[in-house]
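Chemist: I have a structure here, written as C-alpha cells, and I will follow up with some questions on it.
Protein chains in written order, with full-length UniProt numbering: chain F, 1 to 245; chain U, 1 to 456.
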C-alpha cells in the first residue's frame with residue numbers, strides 16, 4: 001500500500017507539530033508514508049471565495065504531486081472534502097478520479113482502511129470535541145445533530161481509544177465555530193462571536209483541551225482563547241492519538 | 001457586497017441582545033430536533049418529500065394546468081401573474097369588482113414579496129395583517145425578520161410599548177397573554193368588518209384543485225369564513241400532485257418549523273362558501289427563471305418552514321433584517337441572487353458553508369452547495385470587490401508554485417515573528433480584531449521533514 005501524506009498549507013507553515021504527529025502516528029501503525037516534495041494546498045481558499053477558476057492551477061499541481069499513490073492521507077477533513085467534492089471542474093482523468101476517491105481524512109484512513117480498534121495512547125485530560133463542519137457534514141464522519149441517525153462519530157470512536165481522555169458533554173454538539181475560511185476575515189465580528197460562543201460552551205463543560213479534526217477551526221479558536229488569556233488549550237486530534245501510553 | 005457584514009456588525013454590537021436572539025432561535029431548533037428525532041422514519045420522509053418535489057418541479061406545467069382545470073370545475077376563478085406588479089394589479093381588480101375596501105390578510109410571504117400591502121394602501125384600501133407576529137411588525141412599520149416568526153427580533157417589552165402606543169394597552173405591560181388578548185380584541189373588529197380575506201397557500205393539490213393553508217392562530221380561517229370574498233395567493237412551486245402526498249409534507253412542515261407535530265389548523269379550501277366568491281392567484285415572479293437554472297432549480301422545493309434560519313449560526317447572530325430580503329437566512333441567500341445578482345451578491349458569502357441548513361432542510365435542498373455555486377457566479381460576473389478578487393488571483397499563483405509558496409510561507413512566518421505588534425495588528429487586519437494570529441514556528445513541516453526524514 002503506497003501512502004502519501006498531504007500536509008495542508010497552513011498546517012505546514014504554522015502547525016508543523018500536527019504534521020509530525022500525523023506522520024509518527026501512521027508510522028507507529030506500521031505504514032510506510034511518503035511525503036511528496038513540492039506539495040502546497042488543495043485550492044480551497046480561492047474556491048470558497050468564488051474564484052475556483054483561479055484555483056485550477058493549484059488543483060492540477062495537487063493532482064501532479066499526488067498521482068501514483070493508493071491513498072493520500074491528510075489531517076484535515078476540510079481539505080479532503082474539497083478535493084473529493086470540488087475537483088469536478090478539471091478534466092476527470094483516471095488520476096483525478098482516483099484522487100477524488102482516495103484522498104482521505106486521517107480519521108477515515110485509521111478507521112476505514114487500517115481498521116484501527118485500539119491505540120497505545122494516553123492523554124489524561126477533559127477534552128472537548130469540536131466537530132469541524134466539513135468533516136462532519138461533508139465527509140459524514142458522524143451523523144450530525146440535525147439528522148435522525150444513531151452512530152458515533154469517527155472522532156468520538158478514536159478519542160475513546162485513548163487512555164485517560166474524558167470527553168466533555170457539550171450543550172451544542174456540533175455548532176460551527178465561525179472560521180469558514182475567508183468568512184473569518186470578511187465577517188470578522190460574527191465569526192469571532194461564533195467562536196466565543198463555542199469556547200463558552202466548552203468552558204462551561206470544564207474542558208481543558210479542545211480538539212478537532214481540522215486545525216483551521218482550532219487556529220481560529222486558539223486566536224480567541226489567547227486573546228482572552230484563557231487556560232484552555234487546543235490540540236489537533238492527531239496530537240492526542242499520537243501520545244505515548 | 002459588504003452589506004450583510006456591516007448590518008451584522010451593527011446587530012452584534014449589543015451582545016446581550018445577540019445572545020438572546022441566538023438562544024431564542026436555538027430553542028426552536030432544539031424543539032425541532034426533539035420532534036424530528038421522535039420519528040424513526042424521519043430521514044425516509046425527507047427523502048420522499050424531496051423526490052415528490054423534484055418530480056413535481058420537472059412536470060410543473062402539467063400539474064399547474066391540471067390544478068387550474070380542477071379549480072375551475074369547483075367554481076373557483078384562477079388568475080395567472082407573471083410578476084409582482086401583475087399580481088398586485090390582479091388582486092386590486094378582484095377587490096374592486098367586489099367593492100371591497102377593508103381586507104384582512106393571513107399567512108402570506110408571497111404578498112410580502114410582491115409588496116401587496118403598500119400597493120393596496122396607495123389605492124386607498126385598508127389591509128390588516130391578522131397573524132400576531134405580522135400584525136406587530138405591521139404596526140411597527142418594519143419588514144418581517146423571519147418567515148415563520150416575523151417578529152422574533154422583538155422582545156415582549158418592545159411589543160408592550162408598541163401596543164401601548166397603538167392599541168392603548170397599559171403602559172409597561174409585558175405579559176404575553178395580556179398583550180395577545182389585546183391584539184385579539186383589536187383584530188376581532190377587523191374580521192367582522194372585512195370585505196375580503198387574503199391568504200397565502202402552503203400546498204395546492206393538482207388532483208383536487210384545492211389549496212391548503214397551515215396556521216397556528218386560525219386567522220386565515222376566521223378571515224375566509226367571515227368575509228364574502230376570499231383570495232388565495234400562491235407561487236407556482238406550491239403544487240403537489242395528489243392529496244395523498246400532503247401527509248408527507250404536513251408531517252415535516254410543523255416539526256421542522258416549530259417542533260410541533262402539526263400546525264393547529266390545516267385548512268383545505270376547495271370552493272367558495274354559499275353566496276361567496278373564491279379566487280386563486282398563481283404567481284411566477286422569477287420562479288420559472290430559477291427553474292431554468294439546473295444548479296439552483298431545487299431551491300424551489302422549499303416549503304418555507306424556516307428551519308434553515310433557526311439552525312444557521314450566522315442568522316441567529318445577525319438577525320433577519322441583516323439580509324435585507326423578504327426571505328432571509330440560508331434559503332434567502334440562494335433565492336435572492338437569482339432575482340438581483342448585484343444587489344444580493346453579498347448574501348452567499350454570509351455563511352461558513354457549515355452545511356447545517358442542508359441537513360435540517362425537510363425537503364433536502366442542498367443549500368450550502370448552492371451558496372458555493374452562487375459564489376462562483378458572483379465572482380465570474382465581476383461582483384467581488386476588486387481587492388478580494390486580486391488577492392485570490394495572487395493566492396492562486398502562489399499556491400500552484402512550490403517555490404513561491406515556500407517563499408511566501410517563510411515571509412509570513414517572519415512577519416508574524418519579528419514585526420512589532422502595532423504593525424501586525426493594524427486596522428486592516430480584521431483577523432486580529434478579536435483574535436491572535438498563530439504563533440509562527442521556527443520551521444515549517446516541510447523544513448522539519450527535510451532535516452529529519454529526507455536524508456534517511
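Glycine included, C-beta positions come from ideal geometry on N, C-alpha and C.
Closer than 7 Å by beta-carbon distance: list the chain F residues that pair up with residue 414 (chain U), in chain order.
Modeler: The premise fails here: residue 414 (chain U) is roughly 11 Å from chain F at the closest Cβ pair, so nothing lies under 7 Å.
Chemist: Does any residue of chain U have a CB that is nearer than 7 Å to the CB of residue 199 (chain F)?
Modeler: So, not an interface residue.
Chemist: Report all residues from its chain with a CB closer than 6 Å to the CB of residue 1 (chain U); omit the five preceding and five following residues, and keep chain order.
Modeler: Low per-residue confidence applies at residue 1 (chain U): pLDDT is 46, beneath 50, and the placement is therefore not dependable enough to give any value.
Chemist: With a 10 Å radius around its C-beta and 16 neighbouring C-beta atoms as the bar for buried, classify residue 407 (chain U) as buried or exposed.
Modeler: By the neighbour-count rule (16 or more Cβ atoms within 10 Å), residue 407 (chain U) is not buried but exposed.
Chemist: Check the Cβ-Cβ distances between residue 224 (chain F) and every residue of chain U, and say whether any is below 7 Å.
Modeler: Yes - at least one Cβ of chain U is within 7 Å of the one on residue 224 (chain F).
Chemist: Under a CB-based cut-off of 7 Å, is residue 52 (chain F) close to chain U?
Modeler: Yes, its Cβ sits closer than 7 Å to a Cβ of chain U.
Chemist: Which of helix, strand or coil does DSSP assign to residue 296 (chain U)?
Modeler: Residue state, collapsed to three classes: coil.
Chemist: I'd like the list of long-range same chain contacts for residue 109 (chain F), defined as Cβ closer than 6 Å, with 5 residues on each side in sequence excluded.
Modeler: Hits under 6 Å: 73.
Chemist: Please report how far the alpha carbon of residue 339 (chain U) lies from the alpha carbon of residue 295 (chain U), in whole angstroms.
Modeler: Cα to Cα, the separation comes out at about 15 Å.
Chemist: Give the straight-line distance between the Cα atoms of residue 194 (chain U) and residue 227 (chain U), rounded to the nearest whole angstrom.
Modeler: Straight-line Cα distance between these residues: approximately 6 Å.
Chemist: Quick one: residues in its chain with C-beta nearer than 7 Å to the C-beta of residue 372 (chain U), no 5 flanking neighbours on either side, listed in chain order?
Modeler: Once the five neighbours on either side are set aside, the close Cβ partners of residue 372 (chain U) are 353.
Chemist: Around the C-beta of residue 393 (chain U), are 16 or more other C-beta atoms found within 10 angstroms, so that it is buried, or is it exposed?
Modeler: Result: exposed.
Chemist: Following a CB-centred definition, is residue 3 (chain U) positioned closer than 6 Å to any heavy atom of the ligand GDP?
Modeler: This structure simply doesn't include the ligand GDP, nor any ligand for that matter.
Chemist: What first and last residue would you give for the alpha helix (DSSP H) that runs through residue 188 (chain F)?
Modeler: 188-204 is the extent of the alpha helix (DSSP H) around residue 188 (chain F).
Chemist: With contact counted as at least three CB pairs below 8 Å, one residue from each stretch, are the segment 166-180 of chain F and the segment 192-199 of chain F in contact?
Modeler: The segment 166-180 of chain F vs the segment 192-199 of chain F: in contact.
Chemist: For the alpha helix (DSSP H) that contains residue 468 (chain U), what are its first and last residues?
Modeler: Here chain U comprises residues numbered 1 to 456, so residue 468 (chain U) is not present and cannot be evaluated.
Chemist: Residues of chain U with a CB under 7 Å from the CB of residue 99 (chain F): which are they?
Modeler: What residue 99 (chain F) touches in chain U: nothing, since even the nearest Cβ is about 16 Å away.
Chemist: Below 8 Å, can you find three or more Cβ-Cβ pairs linking the segment 179-192 of chain F to the segment 429-436 of chain U?
Modeler: Verdict: yes, contact present.
Chemist: Could you pull the start and end residues of the alpha helix (DSSP H) that residue 55 (chain U) belongs to?
Modeler: Segment 42-58, the alpha helix (DSSP H) holding residue 55 (chain U).
Chemist: From the DSSP secondary-structure annotation, give me the bridge partner or partners of residue 230 (chain U).
Modeler: Answer is U:197, U:278, bridged to residue 230 (chain U).
Chemist: What residues from chain F crowd round residue 318 (chain U), counting only those whose CB sits closer than 7 Å?
Modeler: Here the neighbours are 190.
Chemist: Following the continuous alpha helix (DSSP H) through residue 265 (chain U), name the residue where it begins and the one where it ends.
Modeler: Where residue 265 (chain U) is concerned, there is no enclosing alpha helix (DSSP H), although the beta strand (DSSP E) it sits in stretches over 265-269.
Chemist: Helix, strand or coil, according to DSSP, for residue 122 (chain F) in the structure here?
Modeler: Strand, per DSSP.
Chemist: Starting from the Cα of residue 17 (chain U), find the closest Cα among U:446, U:323, U:316 and give me that residue.
Modeler: Closest by alpha carbon: U:316.
Chemist: What is the DSSP secondary structure of residue 129 (chain U), reduced to helix, strand or coil?
Modeler: Of the three classes helix, strand and coil, the one that applies to residue 129 (chain U) here is strand, per DSSP.
Chemist: Considering Cα atoms alone, identify which of U:24, U:201, U:237 is closest to residue 65 (chain U).
Modeler: It is U:237 whose Cα lies nearest to the Cα of residue 65 (chain U).
Chemist: What residue range does the alpha helix (DSSP H) around residue 54 (chain F) cover?
Modeler: Segment 52-66, the alpha helix (DSSP H) holding residue 54 (chain F).
Chemist: In three-state DSSP terms, what is residue 204 (chain U)?
Modeler: Note: residue 204 (chain U) maps to strand in three-state DSSP.
Chemist: If distances are taken between C-alpha atoms only, which option among F:222, F:218, F:126, F:1 comes closest to residue 69 (chain F)?
Modeler: The residue with the shortest Cα to Cα distance from residue 69 (chain F) is F:1.
Chemist: Taking residue 390 (chain U) as the query, report the chain F residues whose CB atoms sit under 9 Å from its CB, ordered along the chain.
Modeler: Per Cβ cutoff of 9 Å: no residues; residue 390 (chain U) is ~10 Å from chain F at best.
Chemist: Are the beta-carbon atoms of residue 241 (chain U) and residue 111 (chain U) separated by less than 7 Å?
Modeler: Their beta carbons are not under 7 Å apart, which means residue 241 (chain U) does not touch residue 111 (chain U) by this criterion.
Chemist: Tell me the residue span of the beta strand (DSSP E) that contains residue 106 (chain U).
Modeler: Taken as a continuous stretch (DSSP letters only), the beta strand (DSSP E) holding residue 106 (chain U) covers 102-106.
Chemist: Could you name the residues of the same chain whose beta carbon sits closer than 7 Å to that of residue 72 (chain U), not counting the 5 residues immediately before and after it, in chain order?
Modeler: Counting only Cβ-Cβ distances below 7 Å, and skipping sequence neighbours, we find 78.
Chemist: Against chain F, with Cβ distances strictly below 7 Å, would residue 20 (chain U) count as a contact?
Modeler: Judged by the 7 Å Cβ criterion, residue 20 (chain U) is not in contact with chain F.
Chemist: Is residue 1 (chain U) helix, strand or coil by DSSP?
Modeler: With a pLDDT of 46 at residue 1 (chain U), under the threshold of 50, the predicted position of this residue should be treated as unreliable, though the coordinate-derived value follows. Residue 1 (chain U) falls in the coil class under three-state DSSP.
Chemist: Considering only DSSP beta bridges, list what residue 105 (chain F) is partnered with.
Modeler: Paired residues: F:74.
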